[in-house]
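If you read the protein sequences in the order shown, they are chains V and W. The opening residue of the first sequence carries number 6 in the numbering used here; numbering runs sequentially from there. The opening residue of the second sequence carries number 6 in the numbering used here; numbering runs sequentially from there. Worksheet: the structure to be examined is printed underneath.
Protein chains: 2
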Amino acid sequence: MSTLKQHVEQIIAYLSERGETISVAESLTAGGLANALTSASGSSAVFVGGITAYRNEIKSTMLDVDPSIIEKHTVVSEEVANQMADGARKVFGTTWAISTTGAAGPEPLEGHQPGSVWIAIRGPINQAIQLNLEGEREQVRNGTISTAIATFARILKFRTI
Amino acid sequence: MSTLKQHVEQIIAYLSERGETISVAESLTAGGLANALTSASGSSAVFVGGITAYRNEIKSTMLDVDPSIIEKHTVVSEEVANQMADGARKVFGTTWAISTTGAAGPEPLEGHQPGSVWIAIRGPINQAIQLNLEGEREQVRNGTISTAIATFARILKFRTI
Numbered sequence: 006m007s008t009l010k011q012h013v014e015q016i017i018a019y020l021s022e023r024g025e026t027i028s029v030a031e032s033l034t035a036g037g038l039a040n041a042l043t044s045a046s047g048s049s050a051v052f053v054g055g056i057t058a059y060r061n062e063i064k065s066t067m068l069d070v071d072p073s074i075i076e077k078h079t080v081v082s083e084e085v086a087n088q089m090a091d092g093a094r095k096v097f098g099t100t101w102a103i104s105t106t107g108a109a110g111p112e113p114l115e116g117h118q119p120g121s122v123w124i125a126i127r128g129p130i131n132q133a134i135q136l137n138l139e140g141e142r143e144q145v146r147n148g149t150i151s152t153a154i155a156t157f158a159r160i161l162k163f164r165t166i
Numbered sequence: 006m007s008t009l010k011q012h013v014e015q016i017i018a019y020l021s022e023r024g025e026t027i028s029v030a031e032s033l034t035a036g037g038l039a040n041a042l043t044s045a046s047g048s049s050a051v052f053v054g055g056i057t058a059y060r061n062e063i064k065s066t067m068l069d070v071d072p073s074i075i076e077k078h079t080v081v082s083e084e085v086a087n088q089m090a091d092g093a094r095k096v097f098g099t100t101w102a103i104s105t106t107g108a109a110g111p112e113p114l115e116g117h118q119p120g121s122v123w124i125a126i127r128g129p130i131n132q133a134i135q136l137n138l139e140g141e142r143e144q145v146r147n148g149t150i151s152t153a154i155a156t157f158a159r160i161l162k163f164r165t166i
């Protein structure tokens, strides 16, 4: 099983070779995903930038998430995760974007228990992932980051288009 | 000596009590500062959002950093750090903003050796900090994050205005 660092190196190598780029839109991981994606040297060739949209109003003003979608589906939803990633792709002009939204804890968020998370990967291939993680705030955030990166590495590895 | 976590808790408690807010604009730390500031519960009351502007063009388009300032002073400079933090304050409408820019390594950046860093804290009190850190990429980034947070906690603690 690959470590987080190996996955990041695989992602950087793959995207560099293809001339593709990535950005992120983060809520509960709040910069942790961007930080992980830039933890290996060579990341500046593929990582363009990221937005941490911690408040709902920032998700709308900076990532163009429709406030009525947040109201209808709550902020911890596939729909909001998809719109966040689409917003990042547009703002940063990248091939791919990854978003995270969820309840880090210790309090529930809009009716969702701590550990309830959505990740969206958007680009030539789209994938949304729902997680229900155990543990404290730090475990929930780190579990989300490692899952997002492992899933994205796997998408790139088995990509046929 | 306080740990990073204690400093973050002090910052959250202080800003919550005052009804003040914070945002970040990050280059070399790439989300790590936002992640640290939201590592303790209660952060959502004071942390609004952040921009990771990894590429220079993103610093200009999203944080309104003047490209001629980058050209004149290089991206690792007090002037660019100040403009990044001012940009975040404006975009997120926060009381305070903290920015980071520097060479994480292993390669030099615009003539600056790895470990050369500027941090800017902007708000009711302004402070810029220059660092020359030793070590690998991870140590440089973590040293920048802990210095930014310790300095900001100290500014708040001894604030007289």
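Where a beta carbon is used, it is the ideal one built from N, C-alpha and C, also for glycine.
Determine, using beta carbons only, whether residue i comes closer than 7 Å to chain V.
{"i": "I17 (chain W)", "result": "no"}
{"i": "F52 (chain W)", "result": "yes"}
{"i": "R127 (chain W)", "result": "no"}
{"i": "R23 (chain W)", "result": "no"}
{"i": "G98 (chain W)", "result": "no"}
{"i": "S46 (chain W)", "result": "yes"}
{"i": "A39 (chain W)", "result": "yes"}
{"i": "P119 (chain W)", "result": "no"}
When burial is assigned at 16 or more other CB atoms within 10 Å of the CB, is residue i buried or exposed?
{"i": "S73 (chain W)", "result": "exposed"}
{"i": "G107 (chain W)", "result": "buried"}
{"i": "S121 (chain V)", "result": "buried"}
{"i": "Q118 (chain W)", "result": "exposed"}
{"i": "I166 (chain V)", "result": "exposed"}
{"i": "A50 (chain W)", "result": "exposed"}
{"i": "S7 (chain V)", "result": "exposed"}
{"i": "R94 (chain V)", "result": "buried"}
{"i": "G36 (chain W)", "result": "buried"}
{"i": "G140 (chain V)", "result": "exposed"}
{"i": "Q135 (chain V)", "result": "exposed"}
My guess is that residue i and residue j are in contact by the Cβ rule of under 8 Å, so how many angstroms apart are they, rounded?
{"i": "V13 (chain V)", "j": "L42 (chain V)", "result": "6 Å"}
{"i": "T152 (chain V)", "j": "G128 (chain V)", "result": "At roughly 17 Å, the Cβ-Cβ gap does not stay under 8 Å, so T152 (chain V) and G128 (chain V) are not in contact."}
{"i": "K10 (chain V)", "j": "S44 (chain V)", "result": "7 Å"}
{"i": "V145 (chain W)", "j": "A109 (chain W)", "result": "5 Å"}
{"i": "I130 (chain W)", "j": "V29 (chain W)", "result": "Wrong, their Cβ atoms sit about 17 Å apart, outside the cutoff."}
{"i": "N40 (chain V)", "j": "N40 (chain W)", "result": "6 Å"}
Where residue i and residue j are concerned, what is the direct C-alpha to C-alpha distance, given to the nearest angstrom?
{"i": "G47 (chain W)", "j": "G24 (chain W)", "result": "13 Å"}
{"i": "S32 (chain V)", "j": "G116 (chain V)", "result": "16 Å"}
{"i": "I17 (chain W)", "j": "I75 (chain V)", "result": "26 Å"}
{"i": "A86 (chain V)", "j": "T105 (chain V)", "result": "6 Å"}
{"i": "T79 (chain V)", "j": "N137 (chain W)", "result": "45 Å"}
{"i": "N147 (chain V)", "j": "T34 (chain V)", "result": "8 Å"}
{"i": "I160 (chain V)", "j": "Q132 (chain V)", "result": "9 Å"}
{"i": "G55 (chain W)", "j": "Q88 (chain W)", "result": "14 Å"}
{"i": "I124 (chain W)", "j": "I154 (chain W)", "result": "10 Å"}
{"i": "I126 (chain V)", "j": "R164 (chain W)", "result": "43 Å"}
{"i": "V53 (chain V)", "j": "A58 (chain W)", "result": "7 Å"}
{"i": "A90 (chain V)", "j": "K162 (chain W)", "result": "38 Å"}
{"i": "G98 (chain V)", "j": "I63 (chain W)", "result": "10 Å"}
{"i": "E143 (chain W)", "j": "P113 (chain W)", "result": "15 Å"}
{"i": "T149 (chain V)", "j": "E22 (chain W)", "result": "31 Å"}
{"i": "Y19 (chain W)", "j": "I27 (chain V)", "result": "36 Å"}
{"i": "E83 (chain W)", "j": "F157 (chain W)", "result": "17 Å"}
{"i": "L68 (chain V)", "j": "M67 (chain W)", "result": "12 Å"}
{"i": "L38 (chain V)", "j": "Q15 (chain W)", "result": "25 Å"}
{"i": "V96 (chain W)", "j": "P111 (chain W)", "result": "32 Å"}
{"i": "G230 (chain W)", "j": "K77 (chain W)", "result": "As displayed, chain W neither begins before 6 nor continues past 166, which places residue 230 (chain W) out of reach and without an answer."}
Any beta carbon of chain W sitting closer than 7 Å to that of residue i?
{"i": "G36 (chain V)", "result": "yes"}
{"i": "N147 (chain V)", "result": "no"}
{"i": "T57 (chain V)", "result": "yes"}
{"i": "T43 (chain V)", "result": "yes"}
{"i": "R60 (chain V)", "result": "yes"}
{"i": "I63 (chain V)", "result": "yes"}
{"i": "P111 (chain V)", "result": "yes"}
Can you tell me whether residue i sits near the ligand SAM, meaning its C-beta is under 6 Å from at least one heavy atom of the ligand?
{"i": "P113 (chain W)", "result": "Among the components of this structure there are no ligands whatsoever, and the ligand SAM is therefore not found."}
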